[in-house]
Every structure is written in C-alpha cells, then in structure tokens.
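All remarks here apply to the structure that follows.
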C-alpha cells in the first residue's frame, strides 16, 4: 500500500512503514499500551488485531489504557485472546465486560478527565507504547488525530514509543477540527483560557518527537460505528419533560433564552433529548460535551445549534457518511478537544454546562448508580458523567422508570452502587415526570422522586418502604432500613422481579 | 455603647445602630435568613439570640443559610427555640443535629463551593435578610468581615436587607487579611486568575450598597471557639503513616520537595497531621484549605510553612489570643477568601492541592462515608471534603480503624452512606497503615485496604466477607452479598458490636 505525501509529510519516516504484524512485535509481555479512541471512534484497529493473534499463540498480556470505549477490533479481540491484565478507564464492549465480570481482567473505572493528569503525575506507571490512529503525520512528526482526540496527546507525550495507524478512510479535511491544549503540571499550571464554546486555545495537531515513532501502519479500515435505535415513546416523553423544564427555567430567569452549553451522554435517551430540541423554541444553542452524535448534526444543520465541542465524533454509519460529505460545513461548527479539556471541571463550571446523563438506577434520596448491575457487575463505567455532573450549572439524570419489561424499577429504595451522590444530583427525569431536587432535604426529595418519577406499578411499594423506614429509623436525616434497603435487588436476583 | 469612627466610617449609617432586639424585629415568619460564619468563627451572635427569644414567644420560623458550621448562639439557640424550618449547608452543633435527626428541621447537605453559585443562580430562593459579623463598615458601605469570609459576599450581594453585627472584640488589624473575588455567572464567567497560594485577586472588603444596611448592632461577644484535644496515639500514628507516604512520593519524583499546597479537614486527626509536619523534613510548605487552626500557626511560626489561605481562622481560645497578639506577623502569611474561591474546583485542581479529610467509615472497595451514622443519622455534613477530594492532586482519607472502644470497625464491607465514591479516593490511612489505591481495581483495593488499614480484630471477618462475596457473586467487578452488605451495621444497632 502506498501512502501519499499529504498523509506522511516527514519523508524520513517512510522506512518506519511496516505491516501490523511487524508493528505488533514491538509489544512485549507485561507492557502498558495506551491507544487513541473515544467511544468507538478514532481507535487503532490493525495493530490490536495483530497483537491478539500473537496472544493466541504465545504468552502476551498487556495493560490497556484508552480514552474511553473503543471498537471490537481493540477491546473485543484482545479480551477474547486473554491478552489483557488491566484496563483503564471505560469500556462498552461485551467481550471485555464479560472478562471484567469474571475476574479475567482488572478494570479501573476512572473519571475521564482525571486519567490524563494521573498519567502525567506518574500515578499510573510508565506507558511503554502508544498506538494512535491518525489522519496524517506532519513534517515535524506532529500527529493529526482522526475522529477522536481522547487521551492521545498525553499518551504520545508520555509513551516511550509511538505506533501510528495512518488511516486513509478518514478524509484529510479532518485536519483543523482539533484543538489540542495541554495543561502543565502543578505547581506550574495556568488558567485554561477557554471562555467560549467556539474558542480555540491550542494547536491543531498532537506534538510528537519523530524519533519516538517506531512504526507506521497503513490502513483504510473504518470505525465500527454503532447504529442508533429509533426514538421510542419512553425516550420521547423524557425529552418532553426535560424541554418543558428548561423552558420553565428560562421563564423564571434562571437560564438565558438560548440556554447554556449542553452536555449529553451517549445512547438512545440522549439522542431523543437532542432530537427533541429540534422542535423546541430554543435558538443559538451550544454543545459542550464529549461525544458528537447524529442528532447534533441535525441541530447544526437546522441552525438551532451554532457550535459543538467534544472529544470525538461518533455517528451512525449513515451519520459518518453525512459528516464526511458535508465536512466543510461541519468543520466550521465542530471542535474536537482532548478529554482533559472537554471534561475539565474548570471549563464545565465556568461555561455553566447543563449536564444530561443517564442512570442505571436512582434511589429515593437522589443517589445515582451509573455503573453497576445489581451492585456487583460492571456495565460500562462512570465515563465523563461525574466530570460533568459535579461541575454543572444544572445536573440532570434521565432513566426510564422501569427496565426488563417492567420487572425492574429504576427508582429503588437504595441504589446498589453509588456513582453520583445526593450532593450532586439536581434533577431526575423518567417518562413519568421530572423531579427538581434543588434545595430539598433527603425526605423532601424522596416524596418528590416517588411522586414524579416512579412507575405507577412501584409507587406504593416505594412509599411503603419510605414510611416504614421512618417508623423504624425515626424521622432521621435519611431514614433507611438497612436490612431491607437492597431487598428489591435480592428479590430480583432470586425471583426475576423486584416486588 | 459607643462606636468609633474607625469601626463605622459612614456616619450617615449611625442612625441604623439599634439593639439586637430591634434588629431581630426585621425578621418575619417564613423568611430566608443568611448569615456569616464558617466553622464557629465570624458568625453573628446577638441578633440570632434575639430572634430565638422572639421565637419562644411567637410563631416565627425561618430558613437559615450560613457559610458552614456556626456557634451555639446561632444554630443552638435557634434550633432549641424551634425557629428553624430548613438549614443549609453544614452544621456541627448538637442541638441542631438532634433537631435534624428527629425531623424538626430539614437539612440540605451541599458541597460548600456549590452553595454560593446556587444562590446566585436563583436555585435556593431569594434571601430576605443577611446578618453579617463585621470588623468595620467602610465609607462606601463596604463590609470588612471578621475571622471568616464564607458565603458573606454572595449573601450581602443577593439579600434584600443586611444587618451588621459590628464586633469590637475583633481587632481592626483583621482588615487587609481578606481577599474578596466574586466570579460572574455563566455565560460571562472568566478564569479565576489565582495561580499561587499567596496571590491576591480581589478587594479586601465585601462591597455593599449602604441603602441595604437596615440595622447595625454593636457587640464585643467573642466567637465560641472549640478546644482541641491533645494529640493521641492513634492520630499520631496516622500522621506518621501519612508523612512517610508523602516523603516517598517526593523520593519517587511524584511530588516536589516542598510538596504541593495542603488542605486539611478540621479536628483532632487533622491537627495531629499538621503537627506532625512540624517535625518532618519538609520546608516551604503552603496551605490552601478552608479552616486555619492552631497547628497552622505553629507551622507558620516555625517557618516551615510560608503561606496559609483559607476562608476562616478558627483557633482554640489560646490560639485566638496568640493570633491577635501576633496579628502583624500572621497578616503577612494568612489570606482569607470566600468559600467559593477557597473550595473552588478550578483552583484546587490548578494548584494541585493535597487533600486530607477524615472519614466516618470506609468500605473495602474505597467508598467513603463522611456524613451519616449507621446510614440514617446526619453527623455534620459533607462540608468541603467533596470539593477538595474530587479535584485534588492526591486525595487522602484518614480515620481510626475502630470507634466506640473497638466495637465498631471503621473499615466495613459496604459503607452505609456514600459521600465520596471509589472513583475519587486515592489513599486511605488508619493508625494501622496506609493503602495506596491509585490504579487499583475494586478487588485489588479490597485486599490492600483490609491488609493495610483494618484493625486486627476485624481483618479476618473482612476477608471472610470478601471471599464469601466472590464465592456467591463470582469474580465480578465488585463482589458483594447484598443481603449481608450492611450486616455489620445492623448487628451493631441490635447488639452494640459489629461482629
């Protein structure tokens, strides 16, 4: 495969071009390997597949760091080949999830904005090899990332060696969409100068000493993007409640007419909420989030949204095509930043981001579980939800009121794992309604959440628990019956239904 | 009582001088009243006592906002007089705690850095009256705060009326120690320009439209400061483990020789840790915290610490005397800021603060409970521990390994309330030892915490729970037996011992 001079601009690196198998040979047993990729987008594919093939035949186990979730070519093949010892900080792949929940892989579930600085501080060991998907390599060795930035800047900076997957399936026009700013370590860190969503504060490539580039692998394999389900009735209702709430906040003078920058988690509910904004009265919307999905293109196309900042573009298959066909339009309206900046508490609090994330379950006092199934099994990880929630202008959690065809209530007496505490959650919304928890004590919250958010099938049982807890524990700050707090979960595990 | 022209510099306000009883008459039933005060320091005393007296005779109930905890003259008298409907954001007074845990007062437990902006955003209602303890009132109406800043700037800004308690027990030399900076609301907020602990970024008084000042009450009643217990053996060992850990971080190159700015919670363990630093090899220390207590004076006196920034000075009785006798020395070395700045995520993360806070209990997976006794009763509140922990360079939680003469293990299978999640806690230390959790998965953390931190009396039982959980739940991400997760707590409630 030949590579054009636009893709590989430093000709002296030409002799580093090799096959994925040759590049994979740079990986030794026990190494810490760090890759590009944030939500299945902009992650390396060929070299991980080649590493997996080696691992099937020889003793080769690595620790894997990424930006966030990556495609099956990386998390899937490596975990199925038993090639992973440890994995940080987020995943969504079924194979790796099964390996994590059967003790084959140690998973460390970190806030996405914390990881890059923990690496730079030396808290997570020395990175041996970084594998980065790129659109081009500059004359100075600088790397032009693909559809995600994620942790690639810190990985390239801190790794001993760098392998580049130069991917020609991405158009060269991606160059210029990225904005790479790297904070210094304390005590020399300065204010991050970002004050507007559409502002650029860094360069448009990842600086890299060309001597560190140990291999270049050419490919045109596309990201395994995920299809989005059509908006269902539940998500639509959640979206309607949310938009009504936001309209009311504007009326009350607590939000400007064009709102404040929006953050939205990934998935079908998030997609529905964003789609709902298309038909809303809001204009001049801004998006300051992690992941840019199809609905954001719709909002940008409609003119309702004027700018979108994230750390990755992760559309559906059709969305990707649309993105590339209109890239000149989107280049003016989309900025991709390192996750250290997209998820940075300093920026999120300064801009006043409205954070909308999904919960696995919420309890009557407003604690949120976003990671664990029945308290023990890892789903995906906390991702950026903590970065945004804790620092948001308004923090919102959405969930359907029930799961598993109504056998599970997503509003429970006590969540089986806490990722967001009562101190951080301002609004809970289900298809049943929206609970505004601002300024409420735990007991006030319980009444509001049960009344507004719980499914009718579970409302009485939740009130019964709450009243019984008051009877038993007294009118304490947070009444609970510790013996029964998880009885809904244990009943589900035994009988397949919560009540 | 006469007042000097140095204390009341705007002579036109002289006719606003009145008795506490007269000032208390400005308070109407149902009002939101917001006062100065942060840890029993710099809070108003005379007017609250007068309000309490009214409330004993008539129907008068208010909502009370403060900076953090305040003295008995405020939280104590008002709660004993049944004068409080709701209280935000933190308290340490026994009377109010009892009222909170018997349903007489609704308490909202907020991150201390979140409250001021929530007020400015309009999320916590309109403040009717602010009562602020002051050292002096300037010619322009500006208020010179006393020994704490807390939320006073935002309270004065947002309140309809302001009552000033002009307290002559505080020397005028306090003027100039404060540094008042107020961030704008999004979307107009700018980077907070603070990049060094010793930097001043604002004015030295709280701006106030003199027309808002409805009453001035003269007093010389001192703060009810709290005595500190002498350093006990347990706290001393915790301090030793911590200092050894910090020394090792310096050796490994993960911390500079003079460390990074230290934050320390309040109380005896915190005091012991700071005292331990006196005999440590560290020089040029900086303190970026909330509360400045006696041990900080020792460190400043010794020259080991060069600067201390907080939102309040809360010494013991002897400490207060020492502070005032040497105020010229301390004025050069202490800066008091609004809690919106002392606890600001932006600044804490930028400076790389080392956060040291105390836990009520920690579980084997690294979740921390810092607010609830046996899951239901409020102790004090989360205070600033969340602001610092989540944004720290290194986040540390300290607790004795046992409580109640060894009947309670402070390391438990599952904490009965989560205030700091596994995603936020880097180090746990007890008198038994220190567990460094950075980069560890939940199961790795469990082994480390049980081995290093648990008391020998509880070690086997904890390992037994952990192993049994693996047996029952399998090697999932976070093995738990939900039926037994709180069995230690329920046993204690029934039998007075955890195992």
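Chains as they are written, first to last, in full-length UniProt numbering: chain A, 1 to 499; chain B, 1 to 499.
Where a beta carbon is used, it is the ideal one built from N, C-alpha and C, also for glycine.
Next item on the list: Take the Cβ of residue 116 (chain A) as the centre, count every other Cβ of all protein chains shown within 10 Å, and call the residue buried at 16 or more, exposed below.
Entry: buried
Item checked: Alpha-carbon to alpha-carbon, residue 170 (chain B) and residue 3 (chain B) -> 13 Å
Notebook entry, point to check: What does residue 108 (chain A) touch in chain B if you count any residue whose Cβ is under 8 Å from its own?
Noted result: 439, 440 and 441
Check: Three or more C-beta pairs closer than 8 Å, one from the segment 441-461 of chain A and one from the segment 389-407 of chain A: is that the case here?
Finding: yes
Checklist line | CA-to-CA distance, residue 222 (chain B) to residue 36 (chain A), given in whole angstroms | finding: 59 Å
Checklist line | Members of the segment 30-45 of chain A near chain B, C-beta cut-off 8 Å | finding: none
Check: What residues in its chain sit with their C-beta under 7 Å from that of residue 323 (chain B), if we drop five residues either side in the sequence?
Finding: 297, 313, 315 and 330
Item checked: Residues in the segment 483-494 of chain B having any Cβ partner in chain A nearer than 9 Å -> 483, 485, 486, 487, 489, 490 and 493
Check: Curious, which full-length alpha helix (DSSP H) runs of at least 4 residues does the segment 262-334 of chain A contain?
Finding: 268-278, 294-302, 317-325 and 327-331
Item checked: Min CB distance residue 123 (chain B) to chain A below 8 Å -> yes
Next item on the list: Can you grab the Cα-Cα spacing for the pair residue 508 (chain B) / residue 306 (chain B), in whole Å?
Entry: The question about residue 508 (chain B) has no answer, for chain B in this structure spans 1 to 499.
Notebook entry, point to check: Can you list the residues of chain A that residue 253 (chain B) reaches, using a CB-CB cut of under 9 Å?
Noted result: 122
Check: In the DSSP assignment, what residue or residues form a beta bridge with residue 397 (chain B)?
Finding: B:357 and B:428
Note to self: Closer than 7 Å between beta carbons: that is the criterion. Which residues of the segment 272-285 of chain A meet it against chain B?
What the structure shows: none
Next item on the list: Buried or exposed for residue 272 (chain B), please, with buried defined as at least 16 other CB atoms from any protein chain shown within 10 angstroms of its CB.
Entry: buried
Notebook entry, point to check: Excluding five sequence neighbours on each side, which residues of the same chain lie with their C-beta closer than 6 Å to the C-beta of residue 207 (chain A)?
Noted result: 142
Next item on the list: Using a Cβ-Cβ cut-off of less than 8 Å, list which residues of the segment 220-253 of chain B approach chain A; keep chain order.
Entry: 252 and 253
Check: When Cβ atoms are compared, which residues of the segment 89-109 of chain B fall closer than 7 Å to chain A?
Finding: 100, 101, 102, 103, 106, 107, 108 and 109
Item checked: Three-state secondary structure (DSSP) of residue 378 (chain B) -> strand
Next item on the list: Note down, in chain order, each residue of its chain lying with its Cβ closer than 7 Å to the Cβ of residue 274 (chain A), except the 5 sequence neighbours on either side.
Entry: 264, 295, 296 and 299
Next item on the list: Please list the segments of the beta strand (DSSP E) lying wholly inside the segment 21-65 of chain B, counting only runs of 3 or more residues, in order along the chain.
Entry: 32-35 and 62-65
Check: Between which two residues does the beta strand (DSSP E) containing residue 434 (chain A) stretch?
Finding: 433-436
Notebook entry, point to check: Given 8 Å as the limit, is there contact between the segment 129-143 of chain B and the segment 159-169 of chain B, that is, 3 or more CB pairs closer than that?
Noted result: yes
Margin query: My output table needs one value for residue 250 (chain A): the three-state DSSP class, helix, strand or coil.
Written below: helix
Notebook entry, point to check: Roughly how many angstroms separate the alpha carbons of residue 125 (chain B) and residue 487 (chain B), rounded to a whole number?
Noted result: 41 Å
Notebook entry, point to check: What number of angstroms, rounded off, separates the C-alpha of residue 63 (chain B) from the C-alpha of residue 472 (chain A)?
Noted result: 28 Å
Next item on the list: Could you pull out every residue in the same chain whose Cβ sits closer than 6 Å to the Cβ of residue 174 (chain A), ignoring the five residues on either side in sequence?
Entry: 135
Notebook entry, point to check: Using 8 Å as the Cβ pair cut-off and three pairs as the minimum, do the segment 382-395 of chain B and the segment 343-357 of chain B touch?
Noted result: yes
Item checked: Minimum C-alpha distance to residue 20 (chain A) - residue among A:73, A:40 and A:31 -> A:73
Margin query: Among A:354, A:304 and A:375, whose alpha-carbon lies nearest the alpha-carbon of residue 397 (chain A)?
Written below: A:354
Note to self: Any beta carbon of chain A sitting closer than 8 Å to that of residue 350 (chain B)?
What the structure shows: yes
Check: What's the gap between the Cα of residue 253 (chain A) and the Cα of residue 186 (chain B)?
Finding: 13 Å
Margin query: Within 10 Å of its beta-carbon, does residue 86 (chain A) have 16 or more other beta-carbons around it, so buried, or fewer, so exposed?
Written below: buried
Notebook entry, point to check: Looking at the unbroken beta strand (DSSP E) that takes in residue 165 (chain B), where does it start and where does it end?
Noted result: 161-167
Margin query: I believe residue 138 (chain B) touches residue 9 (chain B) by the beta-carbon criterion, under 8 Å. Please report the beta-carbon distance rounded to the nearest angstrom.
Written below: 5 Å
Note to self: So if I threshold CB-CB distances at 7 Å, which residues from the segment 369-388 of chain B count as touching chain A?
What the structure shows: 372, 375, 376, 377, 378, 382 and 386
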